[in-house]
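Numbering (the UniProt record's numbering), first residue to last: 1 to 506.
Note that CB positions come from ideal geometry on N, CA and C, so glycine has one too.
Taking it in order: structure first as structure tokens, then the write-up.
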């Protein structure tokens with residue numbers, strides 16, 4: 001480093017340069033200066049990024065056109081050398097020259113096929129089950145299915161609408177239509193009735209195979225899977241409760257009879273009956289003719305629900321699970337709601353009718369009770385509840401020291417007894433002198449005479465009292481009554497002389 005540059009440096013720069021020089025000299029002494037330099041060079045070196053080579057493209061005309069590679073390989077067919085009379089001899093296959101632009105390449109990945117996730121053996125109908133259902137089956141199958149979904153299975157209104165739409169199409173024999181299937185295969189189970197005696201497990205398997213062949217349902221199972229499973233659950237319910245199929249359309253009342261301690265939150269006598277506009281009766285030909293003319297009733301919009309209750313999937317056991325009843329809005333179903341009109345002649349009331357009347361009376365009483373309670377105590381809104389909580393949590397404003405002192409003084413005044421106004425020193429002395437005067441033997445004195453106090457007698461008492469009343473020993477009392485007690489200026493209290501006014505003649 002030139003000396004001129006060194007002189008221009010500041011003190012800190014000079015110290016730094018000297019320190020570097022000392023370190024370099026020490027490294028040279030140890031023989032490490034060159035190695036340190038090489039280490040720094042190695043750290044600076046970086047690896048070069050590898051350049052990816054472009055994929056080699058096949059020259060035109062050398063592409064592999066194997067049908068197996070494209071995923072279009074034909075099924076293996078057993079060849080025969082039989083004579084084909086339709087073409088006048090052996091069938092000849094002519095090769096067609098295909099350009100590269102006409103080749104369509106398909107994905108070689110396998111199409112995922114879905115399966116039925118239920119125990120097929122357990123839910124398959126036996127001959128005994130079919131006989132059991134045929135005895136109690138009537139024409140109210142769709143209506144009872146709607147009641148079952150609404151009251152027992154606790155399905156939402158939208159769920160019931162979707163299931164009953166497909167169940168009506170299957171029960172009538174019209175079939176289920178889906179526009180996304182290829183033309184000619186857009187109707188499932190067309191011309192085949194699905195009744196309570198149908199093996200619904202086999203129908204489910206056929207539906208899965210149909211979807212795997214012609215296209216999966218874009219509605220996540222609401223086309224065939226969910227409706228068929230709901231119908232299967234209802235079929236198992238009817239097997240376990242055969243008396244329900246030939247009973248009146250009052251599932252709410254039927255469930256209330258078996259529940260002890262039911263609080264009766266619905267009117268049992270006014271449960272609506274769900275019936276289609278055209279009853280699904282008659283033979284298959286009439287059903288097919290009337291299927292095209294059936295028009296659903298107008299639907300009313302329902303208030304949207306954030307989390308509709310989902311209907312459980314197919315149960316593995318045939319024992320029905322009792323669940324709380326949930327009433328549904330009849331206007332939300334694609335059926336006309338009619339009130340049940342009893343057509344039977346009045347008969348003697350059975351035990352079931354008596355229980356039903358008791359449940360109805362209890363329901364009416366609880367309903368009236370809840371209405372009166374609601375009128376007395378109107379339900380508060382969520383905003384009012386939050387306001388009350390916030391008001392209870394709010395703290396009172398902090399008081400100042402001045403206010404606290406005022407409160408303490410006022411509290412003490414209220415607790416203490418009323419004080420007598422304090423007497424002055426003069427009044428206290430006069431009162432005590434008057435008391436002592438009545439007790440002393442000196443006698444009475446009149447105004448105008450001055451006598452010395454007898455220190456050996458009562459004068460000592462006055463001196464002591466004066467000391468208590470006037471600790472400083474200074475000051476003067478004027479004429480009070482017939483006494484004049486004077487304090488001379490200067491000196492301690494022991495040197496003070498007091499004089500009395502004595503009556504003449506003594």
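Query raised in the report: DSSP three-state call for residue 181: helix, strand or coil?
Result: coil
Query raised in the report: Per DSSP, what kind of secondary structure is residue 176 in: helix, strand or coil?
Result: strand
Query raised in the report: Which value, in whole angstroms, describes the spacing of the CA atoms of residue 365 and residue 351?
Result: 21 Å
**Report entry** Rounded straight-line distance, which links the Cα of residue 183 to that of residue 362
**Finding:** 58 Å
Query - Distance, residue 123 Cα to residue 133 Cα - result: 14 Å
Requested in this report: Could you check how far apart the C-beta atoms of residue 170 and residue 189 are, in whole angstroms? I think they sit under 8 Å.
Outcome: 6 Å
Query raised in the report: Would a C-beta distance cut-off of 8 Å place residue 163 and residue 208 closer than the cut-off?
Result: no
Report task. Name, in chain order, the residues that DSSP records as bridge partners for residue 187. Result -> 177
Query raised in the report: Does the ligand MG have even one heavy atom less than 7 Å from the beta-carbon of residue 353?
Result: Only the bare structure without any ligand can be found here, which leaves the ligand MG out of the picture.
Query - Span of the alpha helix (DSSP H) around residue 245 - result: Where residue 245 is concerned, there is no enclosing alpha helix (DSSP H), given that its DSSP letter is neither H nor E.
Requested in this report: Can you tell me which of the three DSSP states residue 398 falls into?
Outcome: coil
Query raised in the report: Whose C-beta lies closer than 8 Å to the C-beta of residue 33 among residues of the same chain, with five residues either side of it excluded?
Result: 24 and 27
Query raised in the report: Under a Cβ-count criterion, where at least 16 other Cβ atoms within 10 Å of its own Cβ denotes burial, should residue 125 be classed as buried or exposed?
Result: buried
Query - First through last residue of the alpha helix (DSSP H) which encompasses residue 222 - result: Neither: residue 222 is in no alpha helix (DSSP H) and is coded neither H nor E.
Query raised in the report: Along the chain, where does the alpha helix (DSSP H) that runs through residue 15 open and close?
Result: 11 to 30
Query - Distance between beta carbons of residue 180 and residue 218, contact taken as under 8 Å - result: 6 Å
Report task. May I ask you to report which of helix, strand or coil DSSP gives residue 153? Result -> coil
Report task. Helix, strand or coil for residue 532, going by three-state DSSP, please let me know. Result -> Residue 532 lies beyond the residue range present for the chain, which begins at 1 and ends at 506; the question has no answer from this structure.
Query raised in the report: Is residue 243 buried or exposed, if buried means 16 or more other CB atoms sit within 10 Å of its CB?
Result: exposed
Requested in this report: Give me the Cβ distance between residue 200 and residue 232, rounded to the nearest whole Å; I'm assuming they're in contact under 8 Å.
Outcome: 4 Å
Query raised in the report: Between the beta-carbon of residue 130 and the beta-carbon of residue 239, is there less than 8 Å?
Result: no
Query raised in the report: Are residue 228 and residue 205 touching if we call contact CB-CB under 8 Å?
Result: no
**Report entry** Cα-Cα separation between residue 30 and residue 48, rounded to whole angstroms
**Finding:** 35 Å
Query raised in the report: Could you give the distance in angstroms between the alpha-carbon of residue 402 and the alpha-carbon of residue 368?
Result: 59 Å
Query raised in the report: What first and last residue would you give for the alpha helix (DSSP H) that runs through residue 385?
Result: 382 to 393
Query - Nearest-angstrom Cα separation, counted from residue 385 out to residue 165 - result: 44 Å
Query raised in the report: When you compare only the Cα positions, how much space is there between residue 393 and residue 414?
Result: 32 Å
**Report entry** Extent of the continuous alpha helix (DSSP H) to which residue 144 belongs
**Finding:** 141 to 147
**Report entry** Check whether residue 142 and residue 158 have beta carbons under 8 Å apart
**Finding:** no
Query raised in the report: For residue 356, which of helix, strand or coil comes out of DSSP?
Result: helix
**Report entry** Simplified DSSP state of residue 233, which is helix, strand or coil
**Finding:** helix
Report task. Would you decide whether residue 50 is buried or exposed? Buried here means 16 or more other CB atoms lie within 10 Å of its CB. Result -> exposed
Report task. Classify residue 522 as helix, strand or coil using the three-state DSSP reduction. Result -> There is no way to answer for residue 522, as the model of the chain reaches only from 1 to 506.
Query raised in the report: Mind checking residue 12: buried by the 16 CB within 10 Å criterion, or exposed?
Result: exposed
**Report entry** Cutoff 8 Å; reference residue 57; Cβ partners in own chain excluding five residues on either side
**Finding:** none
Requested in this report: Please classify residue 226: is it buried, with 16 or more other beta-carbons within 10 angstroms of its beta-carbon, or exposed?
Outcome: buried
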